[in-house]
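Q: Handing you a structure now.
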Ligand code: BT5
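Numbering (our numbering), first residue to last: 376 to 614.
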């Protein structure tokens, strides 16, 4: 636990490079340079939420299957927020945790050469409406959660993520291991919706999100056939 740092993901990636063991977790009360995907940022006032990162070394799981890790973390976050905070948390592909249409938590998985993956989790807990970093954000407090006590939520998150990770890794790390694909699909609001996906390299794909494939990619039924996307920003289009 540290009072303040730039980014817990950056710190744990450095520790990973220096040989730190699997399971290392770093929690920060405040991040001054919190990272999102694609060079975006994660912004939260000190102590308004949970910001932490965990080091994993899934040796034995093929690199092509590691895309499941952030999805696995999302399942754990959604389940803990439901059980402990008693909110209706769902997943938006690939790894936003939403309550209604608003984002309460975000996940960032970053690979470190030589087999390590750092999974960072940010959860908005007591953030007030005037502190929200964007119109699309929310917090447990705003959603009337049963608790905004960060300690039990953090402990439950670490336990649940670890439990799901071990079951997945020990099952070989595929789509069926630890039931990850089915568990993800069950909690994912994106499936069955009309979506527009902005691809990291530019351009959009539009169609109906019909499945999550064996690698954790989103399958979109377009007018030109089915396309799988491994990364991108999804907008749920209202019909
Ligand atoms: C994410 O990226 O949602 C990944 C966030 C991961 C944060 C954790 S905190 C611990 C660890 N250490 C780090 O440095 N990072 C990880 P993305 O899907 O790209 O979403 C980023 C976008 O979400 C931003 O561009 C904002 O629009 C929005 N955003 C920023 N801060 C937010 C917040 N606190 N709550 C909700 N939305 C936020």
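Ideal Cβ placement from N, Cα and C applies to all residues, glycine included.
Output the distance between the C-alpha atoms of residue 584 and residue 561, rounded to the nearest integer angstrom.
A: Here the question's residue 584 lines up with position 209 in the chain shown. Here the question's residue 561 lines up with position 186 in the chain shown. So the two alpha carbons sit approximately 14 Å from each other.
Q: Does the beta-carbon of residue 488 have 16 or more other beta-carbons within 10 angstroms, so that it is buried, or is it exposed?
A: Sequence index remark: in the chain shown, residue 488 carries index 113 (1-based). Answer is exposed; the Cβ neighbour count stays below 16.
Q: Can you list the alpha helix (DSSP H) stretches of 4 or more residues lying completely in the segment 404-485, in chain order?
A: If we require 4 residues or more, the alpha helix (DSSP H) runs fully inside the segment 404-485 come out as 443-460.
Q: Please name the residue in 385, 555 and 421 whose C-alpha comes closest to that of residue 444.
A: As a working mapping, residue 444 is identified with position 69 in the chain shown. Among 385, 555 and 421, the Cα nearest to that of residue 444 belongs to 555.
Q: Give me the Cβ distance between residue 521 and residue 461, rounded to the nearest whole Å; I'm assuming they're in contact under 8 Å.
A: As a position in the chain shown, residue 521 is number 146, starting the count at 1. As a position in the chain shown, residue 461 is number 86, starting the count at 1. The pair is a contact, with the Cβ atoms about 4 Å apart (cut-off 8 Å).
Q: What whole-angstrom Cβ distance do residue 500 and residue 482 have, given they're in contact under 8 Å?
A: What you label residue 500 is simply residue 125 of the chain shown in a count that begins at 1. What you label residue 482 is simply residue 107 of the chain shown in a count that begins at 1. Contact doesn't hold; Cβ gap of about 16 Å is too wide.
Q: If I measure Cβ to Cβ from residue 529 and keep anything under 8 Å in the same chain, skipping five residues before and after, which residues do I get?
A: For this step, residue 529 is matched to residue 154 along the chain shown. Answer for residue 529: 402, 425 and 427, listed in chain order.
Q: What is the rounded straight-line gap between the Cα of residue 527 and the Cα of residue 587?
A: Position 152 of the chain shown holds residue 527. Position 212 of the chain shown holds residue 587. Computed Cα separation, rounded: 31 Å.
Q: State the Cα-Cα distance for the pair residue 601 and residue 589, rounded to the nearest angstrom.
A: Here residue 601 corresponds to residue number 226 of the chain shown, with the count starting at 1. Here residue 589 corresponds to residue number 214 of the chain shown, with the count starting at 1. Their backbone Cα atoms lie some 15 Å apart in a straight line.
Q: Please determine if the segment 534-546 and the segment 435-455 are in contact, where contact requires at least 3 C-beta pairs separated by less than 8 Å.
A: With the cut-off at 8 Å, the segment 534-546 and the segment 435-455 touch.
Q: With a 10 Å radius around its C-beta and 16 neighbouring C-beta atoms as the bar for buried, classify residue 485 as buried or exposed.
A: Looking up residue 485 in the chain shown gives position 110. So residue 485 ends up on the buried side.
Q: Should residue 423 be labelled buried (16 or more other beta-carbon atoms within 10 Å of its own) or exposed?
A: In the chain shown, counting from the first residue as 1, residue 423 sits at position 48. By the neighbour-count rule (16 or more Cβ atoms within 10 Å), residue 423 is buried.
Q: Can you grab the Cα-Cα spacing for the pair residue 523 / residue 598, in whole Å?
A: Here residue 523 is taken as the residue at index 148 of the chain shown, counted from 1. Here residue 598 is taken as the residue at index 223 of the chain shown, counted from 1. Their backbone Cα atoms lie some 45 Å apart in a straight line.
Q: Go ahead and label residue 550 buried or exposed: buried means 16 or more other beta carbons lie within 10 angstroms of its beta carbon, across all protein chains shown.
A: One-based indexing of the chain shown puts residue 550 at position 175. Flag for residue 550 reads buried.
Q: On the criterion of 16 or more Cβ atoms from any shown chain inside 10 Å, does residue 447 qualify as buried, or is it exposed?
A: Residue 447 sits at position 72 when you count from the first residue of the chain shown. It counts as buried.
Q: Going by DSSP in three states, residue 391 sits in which element: helix, strand or coil?
A: Within the chain shown, the letter at position 16 stands for residue 391. Helix.
Q: Within 10 angstroms of its Cβ, does residue 408 collect 16 or more other Cβ (buried), or is it exposed?
A: Counting from 1 along the chain shown, the entry for residue 408 is found at position 33. So residue 408 counts as exposed.
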